[in-house]
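Visitor:
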Amino acid sequence: MVRKRIVILALSLLAACSAQPLQSTTPSPGLPRVLAVETYLADIVRNVAGDRLIVDSLLPLNLDPHSYQPAPRDIIKVSKSDVLVINGGGIEAFIAPLLDNAGGSRLVITASAGLTPRPDLTGEHPEGDPHFWLDPNNVIKYVENTRDGLIQADPQGSQVYTENAAAYMVELQALDVWIKKQVAQIPPDQRQLVTNHESLGYFADRYGFTVVGTIIPSVSSESVPTARQLISLIDRIRASDVRAIFMETGANLNLAGQIAGETSAIIVTDLHTESISDANGPAPTYIDMMKYNVNQIVNALK
Ligand SMILES: [Zn+2]
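Given below as structure tokens:
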């Protein structure tokens, strides 16, 4: 009887599984194999590629591209790709040696090509600020570059990529309108951001926030602030009556805790800035990621 129940359970599980659409892991013969470096970028590229191509991400979920060290399996992944999509703007410092190690040839699409970077005032990052994607208007350029690159790699899919890109751009424009509407709930004098590193500059420019300061005074999350820089940040937070310090997932909370202890700011953790979440998390797509972050910011500042 027990065995019969197990068989029935197994059969019903099998039926449940087969009702789900299966994601094929084998690319269609002749079609390019596409690899995007970051998880948010892979989602953006999937929206353009649609069902025609399989798009994988090089970085696993929740890893910081600023400090990423490629593993041997990454060299294999890159070597098997026909198209590699990078964010650009200098965030993928590891990419040139990785491409050298992988050998072979592939089309490299720089998603942010053509966008003008915000300058990095510290001078540590000569390419400027690479966080273009945190303003969805910049992602429209990512979509155009991806569409044009995929058409170059697979001209027969031209119509698919063109139509998918156009549809996704409409979603991005709707996201921009939605963000403006949410931000309107925050009193203008409270539209102030303090973040862990300088990730929200483009977002702030677009939606009328002032970045009062960052714990790590750099567009990279790898630097370490000096004691003098921390004291200066605490002074600015007090002077501007900043309500919240926003920390990305995985960020070290020690310094944020010390700053919060010296000021009246609260700490809001787990903004998704450099990676989307898994399917069960709050930010499984790029658009979800933006909405999640905006909700966190609005709830803390309104
Ligand atoms: Zn960053």
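First residue of the sequence shown: 1, per our numbering; consecutive thereafter. In this text, a Cβ means the ideal position worked out from N, Cα and C, and glycines have one as well.
Within the continuous beta strand (DSSP E) that includes Glu127, where are the two ends?
Guide: Where Glu127 is concerned, there is no enclosing beta strand (DSSP E), given that its DSSP letter is neither H nor E.
Visitor: For the 8 Å Cβ check, are there 3 or more pairs between the stretch 268-279 and the stretch 38-47?
Guide: The stretch 268-279, when compared against the stretch 38-47, does touch it at the 8 Å Cβ threshold.
Visitor: Can you check the stretch 178-266 for any beta strand (DSSP E) of at least 3 residues that lies completely inside it and give the ranges in chain order?
Guide: 192-195, 210-214 and 244-248
Visitor: Is the Cβ-Cβ distance between Asn196 and Ala251 less than 8 Å?
Guide: It is a contact, given that the beta carbons lie within the stated cut-off.
Visitor: Under the rule that 16 or more other beta-carbon atoms within 10 Å means buried, what is Lys77, buried or exposed?
Guide: buried
Visitor: For the candidate residues Pro70, Asp120, Thr249 and Pro284, whose alpha-carbon lies nearest to that of Val268?
Guide: Thr249
Visitor: If you measure between the beta carbons of Ile259 and Ile297, is that distance less than 8 Å?
Guide: The Cβ-Cβ distance between Ile259 and Ile297 does not fall below 8 Å.
Visitor: What residue range is occupied by the uninterrupted beta strand (DSSP E) comprising Ala102?
Guide: Run containing Ala102: none in the beta strand (DSSP E); it sits in the alpha helix (DSSP H), Ile95 to Ala102.
Visitor: Measuring straight from C-alpha to C-alpha, what distance separates Pro376 and Val160?
Guide: Lying before the first or after the last residue shown, residue 376 is absent from the chain, which here runs from 1 to 302.
Visitor: Hey, how far is the Cα of Arg191 from the Cα of Glu171?
Guide: 25 Å
Visitor: Using DSSP's beta-bridge definition, name the partner residues of Ile287.
Guide: Partner(s): none; Ile287 has no beta bridge.
Visitor: Rounded to a whole number of angstroms, what is the C-alpha to C-alpha distance between Pro225 and Glu124?
Guide: So the alpha carbons of these two residues sit roughly 13 Å apart.
Visitor: Does the distance from the C-beta atom of Ala153 to that of Val83 stay below 8 Å?
Guide: yes
Visitor: Could you tell me which of Ser28, Leu121 and Asn295 sits nearest to Gly157, measuring between CA atoms?
Guide: Here the closest residue by C-alpha is Ser28.
Visitor: One question on the structure: do Asp120 and Val219 come within less than 8 Å of each other, judged by their Cβ atoms?
Guide: yes
Visitor: Are the stretch 42-53 and the stretch 194-212 touching by the rule of at least three beta carbon pairs closer than 8 Å?
Guide: Fewer than three pairs of CB atoms, one per stretch, sit closer than 8 Å, so the stretch 42-53 makes no contact with the stretch 194-212.
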